[in-house]
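A.B. asks: Residue 34 is where the sequence shown starts when you use my numbering, and the numbers rise one by one after that. The beta carbon of each residue, even a glycine, is placed where N, CA and C say it ideally should be. One structure, as structure tokens, below. Some questions next.
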Amino acid sequence: MKEFKIIGIIVLSVILISSMPNNREVVYYYTLSQLKNAGPPEKIRLVNTDNIATGKSVLSDGLLFTYKNRKAGKVFISGNFSSWKTRTMARGKDGVWFYFLSSGDFSGRVEYKYNVDGLWTEDPLNFFRQDDKRGSYLSIAENDPPSEGKLVTYKFTAKNRILFRTYSPDAKIISLVGDFNGWNPENDLMKRGNNGIWSVEKRLPAGIYRYKFIIDGRWVPDTFNPESASDNAGDLCSVIKVR
């Protein structure tokens, strides 16, 4: 069962890459260690197949930071996205250090610096910078907010408040069912937005819940939620953990 689930996620990832609108370069994480040269921050779509086993997102939009220094022993990046705590940059085979900042983790104006073996420096390949009022400069970049499009699942809007979402522009009626409402199709009817995304918000106490969507009479799991289990009939359903 586990093998089938992993294979299914791999196939789904390939489908998503081909179907998503893409004005970014698609980069596989394992290729970053083979970079020959550094450059200014670049907006990319990162494919990390290592996330398949962990249940994390395989596809991520964000910024790729690179810095080339063959002799450096350690290179860190620090910025407003990390409350100015240092984040380790990975070293490639040709001395190109890299760090990926997902749009889902931080979006908007990014202010940052590199720390190379204990010495702080701005990004030498990024011409966008500002005076840090300390005799040096901050490098500046922009990380676009994540695009929802068709790739929507639940998201927490506040503690214990969850917005359940699914993309189905041609549907006539959709309801949310699960352990939290006795699997009753009439309890949580979802509303359709102008973008074809249906949603309903619920407040749930801490716990683990199984759920599905009923789309025009069809009971289906949440396609883009990698956490799954079996419902009372033995069919596939989705799982959400509320802490």
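#1: Hey, could you find the ends of the beta strand (DSSP E) K118 is sitting in?
#2: State the Cα-Cα distance for the pair V149 and M122, rounded to the nearest angstrom.
#3: So S261 and V275 are supposed to be a Cβ contact under 8 Å. How far apart are they, rounded?
#4: Could you tell me how far apart the beta carbons of D212 and Y242 are, in whole angstroms, since I believe they sit closer than 8 Å?
#5: Could you give the uninterrupted runs of the beta strand (DSSP E) lying entirely in the segment 118–200, keeping only those of 3 residues or more?
#6: Contact defined as beta carbons within less than 8 Å: I believe E144 pairs with G112. What is the distance between those atoms, to the nearest angstrom?
#7: Go through its chain and collect everything with a Cβ distance to V253's Cβ below 7 Å, but skip five positions before and after it.
#8: Counting pairs of Cβ atoms below 8 Å between the segment 150–168 and the segment 65–83, do you hit three or more?
#9: So N279 packs on L134, CB below 8 Å; how close in whole Å?
#10: Spatial neighbours of E93 within its chain, please: C-beta separation below 6 Å, excluding the five flanking residues on both sides.
#11: Considering Cα atoms alone, identify which of I173, K166, P238, G229 is closest to F114.
#12: DSSP state of D212, grouped into three classes?
#13: Hey, out of G168, W153, T64, G226, whose CA is closest to F131's CA?
#14: DSSP puts F98 in a beta bridge; with which residues?
#15: Can you check which of these residues, R236, N258, L269, T186, is closest to R251 by C-alpha distance?
#16: In three-state DSSP terms, what is L65?
C.D. replies: Quick answer:
#1: Translated into the one-based positions of the sequence shown, residue 118 becomes position 85. No beta strand (DSSP E) holds K118; DSSP gives it neither H nor E.
#2: Taking the first residue of the sequence shown as position 1, residue 149 is located at position 116. Taking the first residue of the sequence shown as position 1, residue 122 is located at position 89. One C-alpha to the other measures close to 10 Å.
#3: Counting from 1 along the sequence shown, the entry for residue 261 is found at position 228. Counting from 1 along the sequence shown, the entry for residue 275 is found at position 242. Going by Cβ atoms, the distance from S261 to V275 rounds to 17 Å, so no, they are not a contact pair.
#4: In the sequence shown, the residue the question calls residue 212 occupies position 179. In the sequence shown, the residue the question calls residue 242 occupies position 209. Contact check for D212 and Y242: beta-carbon distance about 5 Å, within the 8 Å limit, so the pair qualifies.
#5: As far as the segment 118–200 is concerned, its whole beta strand (DSSP E) runs of at least 3 residues are 129–135, 141–149, 152–154, 162–164, 170–176, 188–191, 194–200.
#6: Sequence index remark: in the sequence shown, residue 144 carries index 111 (1-based). Sequence index remark: in the sequence shown, residue 112 carries index 79 (1-based). Right, the Cβ-Cβ distance comes to about 5 Å (below 8 Å), so this counts as a contact.
#7: Locating residue 253 in the sequence shown gives position 220, where the first residue counts as 1. Around V253: K245, F246.
#8: Verdict: yes, contact present.
#9: Outside the modelled stretch of the chain, which goes from 34 to 276, sits residue 279, for which no answer is possible.
#10: Here residue 93 refers to the residue found at position 60 when the sequence shown is read from its first residue. The displayed chain sequence assigns Ser, not Glu, to residue 93. Shown here for S93: same chain residues with a beta carbon closer than 6 Å to its own, the five before and five after excluded, namely L79, S135 in chain order.
#11: Taking the first residue of the sequence shown as 1, we reach residue 114 at position 81. The residue with the shortest Cα to Cα distance from F114 is I173.
#12: Against the sequence shown, residue 212 aligns to sequence position 179. In the structure shown, D212 falls within a helical segment according to DSSP collapsed to helix, strand and coil.
#13: Taking the first residue of the sequence shown as 1, we reach residue 131 at position 98. Closest by alpha carbon: T64.
#14: In the sequence shown, residue 98 corresponds to position 65, counting from 1. Y132, per the DSSP bridge assignment.
#15: By 1-based counting over the sequence shown, the position of residue 251 is 218. Residue L269 is the option with its Cα nearest to R251.
#16: Numbered from 1 along the sequence shown, position 32 holds the residue referred to as residue 65. L65 falls in the helix class under three-state DSSP.
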